[in-house]
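Following: one structure in structure tokens, then a few remarks.
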Amino acid sequence: MAKRVVLAYSGGLDTSVAVRWLIDEMGVEVIALAADVGQGGGEDFEAVRQRALAAGAVEAVVVDCKAEFAQDYVAPALRANALYEGKYPLVSALSRPVIARHLVAAAREHGADAVAHGCTGKGNDQVRFEVSTRALAPDLEIIAPVRSWGMTREDAILYAYDHNIPITATKEKVYSIDDNLWGRAIECGEMEDPWAIPPPGVWSMTVPTATEARDVVVGFEAGVPVSIDGQAMPLHELVVSLNHTVGSYGWGRIDMVENRRVGIKSRETYECPAALALILAHADLESLTLERDLAREKSRLEPRYAELIYDGLWFSPLKQALDAFIDESQRFVTGDVRLHLEPGSCRVVSRRSDSSLYSYDLATYDAADRFRHEDSAGFVRLWGLSVATWSGRQGPGSESS
Ligand code: ARG
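This is the structure in structure tokens:
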């Protein structure tokens with residue numbers, strides 16, 4: 014049985030109650046760890062820390078993971094154009110492995126023998142926390158209080174009142190929201206009916222305010238965005254800035270029914286203005302800089318890569334091997350992409366690169382044309398040879414005889 018537990022602490026109702034529940038029901042000491050992955054709600058992490066201590070934690074730490082999250086988790090996903098089921102840029106799925114890494118590090122530092130999380134038994138996040146933890150530290154026990162305690166939301170609120178646990182939750186809070194710098198996931202409430210239209214109040218990153226069209230130039234180096242309109246900035250700042258710009262055009266929402274790892278279909282709404290804009294821009298720059306066969310093989314692997322992230326396999330051998338492939342593919346993905354923003358839309362309107370494989374001399378129809386037209390006649394004849402042979406013996410060409 015565990016004696017000291019590091020709990021992934023969000024400051025919300027469930028993890029606050031979990032602090033006390035772990036102490037009372039499991040007889041452990043609790044160290045609360047709150048990870049700052051760029052939650053957009055203007056989180057007051059000192060208040061979060063104090064809340065954990067008030068709930069009974071022996072220690073409460075806040076880790077600023079923003080730069081690490083952006084560089085080591087968001088950037089690889091972007092280089093892979095990772096979209097789960099073709100739509101979802103893996104907002105929550107990407108944050109779990111970085112949080113798990115810090116849970117494990119804190120467990121080592123504080124001599125804990127277990128980690129804990131506040132996920133329910135129905136979602137993907139339990140899978141990501143636990144599989145990541147087992148990959149990094151197979152010796153640590155994993156405790157999932159919310160999965161085992163069998164309390165409803167009402168019960169948890171009552172438990173908090175009974176035990177003097179400070180909470181901000183009210184009974185009216187109907188949405189389950191998870192956010193970080195890569196976007197925001199909004200679940201539950203009336204949206205559990207896939208036919209229901211999300212009420213306007215659920216959106217916060219994509220509230221349309223901008224009215225004038227504008228362009229934004231994103232600069233990439235080896236597949237990673239490094240500048241906006243020529244101004245260099247670290248990735249975590251660049252993403253936040255682009256969230257504001259693109260989000261203000263009311264663009265970047267996703268509404269989908271997705272397949273969870275545990276077998277449930279779930280109606281999900283997301284807002285991810287920067288993530289979607291950057292994937293659009295990155296994929297476009299690849300169209301200019303990746304050789305055809307490399308591009309095609311890469312796009313065949315991308316959905317698999319996204320699935321691995323979604324399914325909690327960030328730390329896994331296949332993911333590592335795919336990373337090596339993606340790394341190699343990105344060597345020349347350097348250049349600029351111009352995005353055009355209008356209310357309700359974001360699209361690529363131009364791109365350039367010093368490593369471009371676009372050859373004007375080959376593509377032009379003007380006098381500068383250096384394409385060898387005479388090569389085409391023989392090439393096309395051989396290209397169609399088998400079809401011509403088939404036609405004469407078995408196909409349309411055999412019918413006249
Ligand atoms: N469905 C998304 C995913 O599996 C979002 C999960 C959001 N998590 C949450 N606790 N609300 O990645």
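All residue numbers for the sequence shown refer to the working numbering, where the first residue is 14 and numbers rise by one. Using N, Cα and C, we set each Cβ at its ideal position, and we do this for glycine too. Bear in mind that the values here come from a model prediction, so they are computed numbers and not experimental data.
When the beta-carbon positions are compared, VAL19 and ILE44 come within less than 9 Å of each other. Relative to the ligand ARG, VAL104 has its C-beta within less than 8 Å of a heavy atom. Within 8 Å of the C-beta of TYR101 there is at least one heavy atom belonging to the ligand ARG. Between GLU284 and SER217, the C-beta spacing is below 9 Å. In the three-state DSSP reduction, VAL50 falls in the coil class, being neither helix nor strand. The beta carbon of ARG273 sits closer than 8 Å to at least one heavy atom of the ligand ARG.
By the C-beta density criterion, GLN333 is exposed, having fewer than 16 other C-beta atoms within 10 angstroms. If only uninterrupted alpha helix (DSSP H) runs of at least 4 residues are considered, those enclosed by the region 157-207 are 158-162 and 166-175. Pairwise C-beta distances place the region 122-137 in contact with the region 15-34, as three or more of them are shorter than 8 Å.
Between the alpha carbons of LEU103 and PRO409 lies a gap of roughly 50 Å. The three-state secondary structure of ASN94, taken from DSSP, is coil. Annotation for ALA68: SER29, VAL32, ARG33 and ILE178 place their beta carbon closer than 7 Å to its own, counting only its chain and skipping 5 residues before and after.
Annotation for ARG273: ASN137 and SER279 place their beta carbon closer than 6 Å to its own, counting only its chain and skipping 5 residues before and after. LEU395 sits exposed, since fewer than 16 C-beta atoms from the chains shown fall within 10 Å of its C-beta. Comparing alpha carbon positions, the residue from LEU307, PRO158, HIS115 and GLU200 closest to VAL41 is PRO158.
Rounded to whole angstroms, LEU291 and HIS123 show a C-alpha spacing of 39 Å. In this model, LEU248 and ALA83 are separated by some 6 Å (Cα to Cα). Between VAL229 and LEU194, the C-beta gap is not smaller than 9 Å, which leaves the two residues out of contact. ALA288 sits close to GLY265, with the two beta carbons spaced by under 9 Å.
PRO89 counts as buried, since no fewer than 16 other beta carbons sit within 10 angstroms of its beta carbon. With a beta-carbon spacing of about 6 Å, HIS115 and ALA48 fall inside the 8 Å limit used to define contacts. The residue among GLY276, ALA296, GLY236 and THR224 with its C-alpha nearest the C-alpha of SER261 is THR224. With a contact defined as Cβ atoms closer than 8 Å, PHE142 and ALA21 qualify at about 7 Å. Annotated as distal: ASP297 and VAL215, with beta-carbon spacing of 9 Å or more. As the crow flies, the alpha-carbon of VAL50 is around 14 Å from that of LEU251. Beta-carbon to beta-carbon, ALA376 and ALA95 are separated by about 31 Å, too far to satisfy the 8 Å threshold.
In this structure, the alpha-carbon of LEU354 lies about 46 Å from that of VAL400. For PHE233, the enclosing beta strand (DSSP E) begins and ends at 227-234. Non-local C-beta neighbours of ALA93 in its own chain, meaning closer than 6 Å and more than five positions away in sequence, comprise GLU315, TYR318 and ILE339, ordered along the chain.
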